[in-house]
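Protein chains in written order, with the numbering used here: chain U, 1 to 256; chain A, 257 to 517; chain F, 518 to 842. No residue lacks a Cβ here, since even glycine has one placed at the ideal position from N, Cα and C. On a predicted model such as this, the values are computed, not experimentally measured, just so you know. This report concerns only the one structure given below.
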């Protein structure tokens, strides 16, 4: 299938380009480590039950969202700066496919974050994260990368017209960390927030990874990740068509 | 050179640097919403960790976050000066350094002060924390000193930015380091000794402690030691920043890098 | 084979809405393209020639489906650019000048592979097609290098390679030689002629008159959003051929004097070019009578340098067309 090929190729090339960038690559990995460190100290000096392992896991996943939130919300901005946006729009291929491949590439950069955070936790804080069910663990990670990439895609489409999309992407960083239960159990959040948490793919991804690490059934959670990812992608594709049409009419896509 | 002119022209340039941030589309998410979200994030982490109370995090994060406008905008100001090629002429001028710096830094400091104050107010409100009028009166000078010393750090970042292009990375790293070391979310007493020492050498640490004391009923007199240290740090950073700019500028004459945009 | 014209534009118009002022924004309508019509036949190299801001890029963008016309219609290979955008995109190539438009961090080969995929080159054909275009543009052997290290000329060649990857029938080139050194530009022009030899139809925009003259079968001169002249280079030159061009070096001539020169009988156009300390007056005359003396008489009191007289070139035809409102 041509779309699949384009998706795969785009994902590969954008991943390669992002890995070489100091801002999108290096900083995306380093930034969550600051927060992880603070969180470790907070939990260590606090009076909570349960060790630091869940904190390390949560912090590891935070990075996946960081890598995605800023870079994914403004792929068009990058393309515009590079001058390639016109070529992408003028191609007979679907712009949605290309956008999705960029967003998935950014969340894949998050894999570096996961590894970096777990190593950081181990080396500097002596936190050992168990992996009770390796297969579930890996599935959980795949699930969260896919669902975060898809959520990033939806955001990218929603902010397609905005020249300041990076600011909007950045502002979503902390709320997602908070609401998806990475470091704070959902039960601690106000009641009205919980339905929102359940509608967000990363929440389920976090649960799946925890199940893989500490034991439990990860499959329903992974399934939810993928279902929500499909919904985000579907919604994004529909929205993109509408936005692009209107942009062509009013020359507002600012192709250059 | 007319000190007043230096003051205003410099002020205008840093206002311009601020301009990129002043569009509501950027300002509201970056400088109004995000600090509130950060406060909420850490307040809840604090609850999950069974660590300090909400007020601890409101004050800590409101002040720490204001380092973002201080550092980013100040380094952008320097970058702008380099872009307009006004840097060299000004540095070799006999202009007095105080109006020179103040002119550029004042809009930055005022803006950062507003960011911190608003975050304190709004973040606190959401968590049902309000500060008394006397607390506010005492907070303003504390915040002002904090922003002054942090802007000094921004001056250093700006100076480094004259040489390396990717200052966004450096600025983010500094903000991250402040998050860890300045006692915003972890009391210095809970940090290993060497980390606490680093924290005391950084801006904001003393001001955050002072702000916490002042909102707990302390008077300005009681925190003057802390404020003094903070101000002193600010002066040290500012002087270092200027020195670094002069050095970079001299280097650039050897390597022709200053005017490279 | 297309029956009708390959590219057809009928009364194309494009208006941009923008705002003026900072605090109180007033809406402003800018008419970039004001009723452009032309047709390009199969196998032609058609040039859109005009100064910056004339509307060339806006016109080309409407033809390649990046912009919707405000009114009017256009067809490429029989497909409407508005209703049938996808069909148009499959069959056209778009090449623009400048440094941008490529992924710097990827190699030339990776760039081509990505665009090959985007532009629908079938998987099996990709390898051979990429080899083909690399050979064609003379980048064979450099394809593994990152684009970041390419010179402007090399980037342009890569742009052309990218533009023809999917073997389009029509190729649109927007200022392809801009900023390229003369030798590189000449190579690019040879490549462009090669496209015609390969059976493609090419529409080129440029503001280099000699380029349009050398390459194009037909030219449309655009100024301020409208076509002010159309025809083969010879026909356009014939428009001024009977005349002569007198070039007068002057030192400091004011607008009033230039106006008076324009008013002289037999003078069709006067252009002033600044050359450092002096100016060059380029006076086009109908050539019926010897006008050097009256011209110099008007310039009495102004320091005059060299005076030469020559045949008009396409550039003069262009100036005459563009200069008139």
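Residues in the same chain with beta-carbon distance under 7 Å from residue 622 (chain F), minus the five sequence neighbours each way, listed in chain order, please. 663, 665
Chain U contacts from the region 610-625 of chain F (Cβ-Cβ distance under 9 Å): 611, 613, 615, 616, 617, 618, 619, 620, 621, 622, 623
Closer than 7 Å at the beta carbon, the chain U residues around residue 634 (chain F): 5, 6, 9
Closest Cα partner of residue 136 (chain U) within the set U:40, U:234, U:220: U:220
Scan the region 356-432 of chain A and note each continuous alpha helix (DSSP H) run of 4 residues or more that stays entirely inside, going in chain order. 389-417
For residue 193 (chain U), collect the residues of the same chain with a Cβ closer than 7 Å to its Cβ; drop the 5 residues on either side in sequence, then sort them by chain order. 179
By DSSP, does residue 257 (chain A) sit in helix, in strand, or in coil? With a pLDDT of only 44 at residue 257 (chain A), under the threshold of 50, the placement of this residue in the model should not be trusted; the figure read from the coordinates follows. Coil.
Range covered by the beta strand (DSSP E) that runs through residue 801 (chain F): 795-802
Chain U beta carbons: is any one of them nearer than 8 Å to that of residue 468 (chain A)? no
Note down, in chain order, all residues in the region 290-311 of chain A with a beta-carbon under 7 Å from any beta-carbon belonging to chain U. 290, 293, 294, 296, 297, 300, 301, 302, 303, 304, 305, 306, 307
If we cut at 8 Å on Cβ distances, does residue 286 (chain A) have a partner in chain U? yes
In its own chain, which residues sit with a C-beta less than 6 Å from the C-beta of residue 528 (chain F), not counting the 5 before and 5 after it? 552, 554, 589
Sequence-distant residues of the same chain with beta carbon closer than 7 Å to residue 458 (chain A), five excluded per side: 434, 437, 438
Could I get the ranges of all uninterrupted beta strand (DSSP E) runs contained in the region 593-641 of chain F, with 3 residues as the minimum, in chain order? 609-613
Using 8 Å as the cut-off, can you tell me whether the region 143-154 of chain U makes contact with the region 97-105 of chain U, which would need three or more C-beta pairs spanning the two stretches below that distance? yes
Beta-carbon of residue 93 (chain U) versus every beta-carbon of chain A: anything under 8 Å? no
Along the chain, where does the alpha helix (DSSP H) containing residue 108 (chain U) start, and where does it finish? 95-125
Between the CA atoms of residue 625 (chain F) and residue 461 (chain A) - distance to the nearest angstrom: 50 Å
Within 8 Å (strictly less), CB to CB, does residue 159 (chain U) reach chain A? no
Tell me the rounded alpha-carbon separation between residue 688 (chain F) and residue 724 (chain F). 18 Å
Does the region 729-745 of chain F come close enough to the region 561-577 of chain F that 3 or more CB-CB pairs lie under 8 Å? yes
To the nearest whole angstrom, what separates the beta carbons of residue 91 (chain U) and residue 606 (chain F), a pair I think is in contact under 8 Å? 6 Å
Apply the 10 Å Cβ neighbour rule to residue 683 (chain F) and answer buried if 16 or more other Cβ atoms are within range, or exposed otherwise. buried
Might you give, ordered along the chain, the residues of its own chain that have their beta carbon closer than 6 Å to the beta carbon of residue 575 (chain F), omitting 5 neighbours on each side? 531, 549, 550
So, are the CB atoms of residue 55 (chain U) and residue 67 (chain U) less than 8 Å apart? no
Run through chain U and tell me which residues come within less than 7 Å of residue 507 (chain F), C-beta to C-beta. Past the edges of chain F, shown from 518 to 842, lies residue 507 (chain F), and the structure says nothing about it.
CA-CA distance, residue 562 (chain F) and residue 612 (chain F)? 15 Å
On the criterion of 16 or more Cβ atoms from any shown chain inside 10 Å, does residue 546 (chain F) qualify as buried, or is it exposed? exposed
Secondary structure at residue 308 (chain A), three-state DSSP: helix, strand or coil? coil
Within the 8 Å Cβ cut-off, does residue 129 (chain U) reach chain A? no
Helix, strand or coil, according to DSSP, for residue 850 (chain F) in the structure here? Residue coverage of chain F in this structure runs from 518 to 842, which leaves residue 850 (chain F) outside it and unanswerable.
Once DSSP output is grouped into helix, strand and coil, what is the label at residue 546 (chain F)? strand
Let me see if you follow: with CB-CB separation under 8 Å, is residue 317 (chain A) close to chain C or not? No chain C is present in this structure, whose protein chains are U, A and F.
If you run the structure through DSSP and keep just helix, strand and coil, what is residue 227 (chain U)? helix
Could you check if residue 516 (chain A) is buried or exposed, using at least 16 other CB atoms within 10 Å of its CB as the buried criterion? With a pLDDT of 47 at residue 516 (chain A), under the threshold of 50, the modelled position of that residue is not reliable, and the figure given next carries that caveat. Its Cβ having fewer than 16 others within 10 Å, residue 516 (chain A) is exposed.
DSSP three-state assignment for residue 786 (chain F), whether helix, strand or coil: strand
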